[in-house]
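Reviewing the structure listed below.
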Ligand code: TNX
């Protein structure tokens, strides 16, 4: 196994890897292919592997500028886990290693150059993030030689950079709540696959999960639901049970800092104007009917949404966002915008008055008014908004980035009108869909997105000019958790689909002929994941 988080242990495939590491030179001269036996995902842009490998042992003389102290620390702790503390002279291998970390700004910001020779590791990154990604590759290349009970590094030269700037994973913590410890483990898995964005879906009809000091009822009331739940888990879990949870602001800071150490930006999502029942249960005066409401107990789309005619709604949301901006240093905030029924707005005196006063021809334009007003607030505070593709309806907010989920059309329309877009079409980016047509799969929302479809996903849609193509920032996998109650289940739905998407986003468009090589590496990578305590869906991993 590659030396990631665990100590020296016997792993079956390591024997194979070792046989290959010692094999004939010809195996090692193939440029641009990950050598067999190395579980490196995503595949780097360019490889050159020399003859032989060296045992990790003895002291590590590490040189790194102060700006790379975090990366240096990471390298030191990896070294102490994977190297033999006292060199074994019988191995006739370097008894002392040196490593040098540096930044070379002429490289792409997230790119790196990694060279390993006998006893020497040299890593240059375009930035500290580039160095971090180089380390991820390095760690995956340290292969266990089980016979000698040591880890070895092959001689290698890697030059690497990502194809896309936005490489994301989304997690819905509203439908089911997941605590900070799990989130940290989740972020570790993202970092390992060189994903750089965590889209944190913090609010929805079924639960408000972020503490807002000015509005304590959001979590005291909106953070909890009770009574029977629709769906297959109803009797088991929710009848008469109170379900919920939330993150304190301190916990939010902890997660954001943990992600930042792994070069992952966190994008908070606060749903508006729809998917807002949890907030409205806490503050029903912000709904059109201004009557008591309950945190949703079933799944779906609900008619009660934030009232767009009431100025208090905007004051409330601006106060909420002000606290959110103080917690999340990143430039983006996601304000939802999806699935907002217009039923209440059309019958609400305040909303219809607003439409007349603002010259809006229908409730779709009122939705645009809502989003644009929130965008102005965010932009004035130096933040950019992202919204689901419904924000295109009735006129797009001037600087918004569109997250295209109902197919590719929203992303295309955004790119054609000069906006940035992130592609998350249901097919194949919804990881709450089934990944195998076999008996015994855990219950999913429906659909079918096997790992192969994710791997062959072409992120940039057809029909865009070169200029428009540049506005497709990347893609993300979405994990909606209506039917995922446990961390274990979330992981099962994520792996190996996330790794497939990570390779598409880092390495670039994949073709069917790349699939066997990915599967081969993924089988090794999956075993490393399992060794680190992750759940991985087994289908293609066991098939060959
Ligand atoms: C659609 S994607 C939703 C979510 C659901 C998901 C289930 C989007 C913007 N809205 O509210 O959880 O489908 O797959």
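Residue numbers (the numbering used here): 43 to 586.
Using N, Cα and C, we set each Cβ at its ideal position, and we do this for glycine too.
Remember, predicted model here, so these are calculated numbers, not experimental data.
Where residue i sits in the DSSP three-state scheme
i           : result
residue 243 : strand
residue 209 : strand
residue 443 : strand
residue 373 : coil
residue 166 : strand
residue 307 : strand
residue 572 : helix
residue 219 : coil
residue 513 : coil
residue 552 : coil
residue 43  : coil
residue 112 : helix
residue 339 : coil
residue 378 : strand
residue 145 : strand
residue 457 : helix
residue 324 : helix
residue 348 : strand
residue 133 : helix
residue 252 : strand
residue 126 : strand
residue 296 : helix
residue 80  : coil
residue 583 : helix
residue 267 : strand
residue 225 : helix
residue 434 : helix
residue 283 : coil
residue 8   : It is not possible to answer for residue 8, since the shown part of the chain is limited to 43 through 586.
residue 7   : Because the chain spans 43 through 586 in this model, residue 7 falls outside it and cannot be assessed.
residue 119 : helix
residue 564 : helix
residue 238 : coil
Limits of the unbroken alpha helix (DSSP H) element including residue i
i           : result
residue 525 : No alpha helix (DSSP H) contains residue 525, which DSSP labels as neither H nor E.
residue 185 : Premise fails: residue 185 lies in the beta strand (DSSP E), 185-187, not in any alpha helix (DSSP H).
residue 497 : 493-497
residue 468 : 468-471
residue 260 : 259-262
The beta strand (DSSP E) enclosing residue i, as first and last residue numbers
i           : result
residue 202 : 192-202
residue 411 : Residue 411 -> not in any beta strand (DSSP E); alpha helix (DSSP H) instead, spanning 405-422.
residue 93  : 88-97
residue 397 : No beta strand (DSSP E) contains residue 397, which is instead part of the alpha helix (DSSP H) from 391-400.
residue 289 : Here residue 289 belongs to no beta strand (DSSP E), and DSSP marks it neither H nor E.
From the options, residue whose alpha carbon lies closest to that of residue i
i           : options               : result
residue 392 : 247, 353 and 314      : 353
residue 458 : 503, 320, 447 and 516 : 503
residue 113 : 302, 137, 251 and 93  : 302
residue 327 : 356, 381 and 143      : 356
residue 211 : 193, 148 and 234      : 234
residue 118 : 174, 75, 132 and 167  : 174
residue 208 : 526, 579 and 518      : 518
residue 467 : 449, 346 and 394      : 449
residue 246 : 265, 236 and 253      : 265
residue 95  : 79, 110, 101 and 86   : 79
residue 432 : 314, 336, 506 and 346 : 314
residue 26  : 373, 463 and 521      : The chain is shown from 43 up to 586; residue 26 falls before or after that span and cannot be answered.
residue 231 : 583, 582 and 568      : 568
residue 287 : 251, 85 and 358       : 251
residue 329 : 390, 341, 261 and 478 : 390
residue 501 : 531, 447, 475 and 535 : 447
residue 300 : 378, 229 and 361      : 229
residue 196 : 91, 403, 262 and 499  : 91
residue 451 : 464, 403 and 439      : 464
Opposing strand residues paired with residue i [DSSP bridges]
i           : result
residue 358 : Answer is none; residue 358 lacks a bridge partner.
residue 157 : 164 and 199
residue 103 : 140
residue 426 : 374
residue 329 : 348
residue 488 : 475
residue 465 : 446 and 517
residue 353 : According to DSSP, residue 353 bridges with nothing at all.
residue 536 : According to DSSP, which records beta bridges pairwise, residue 536 is partnered with nothing at all.
residue 314 : 378
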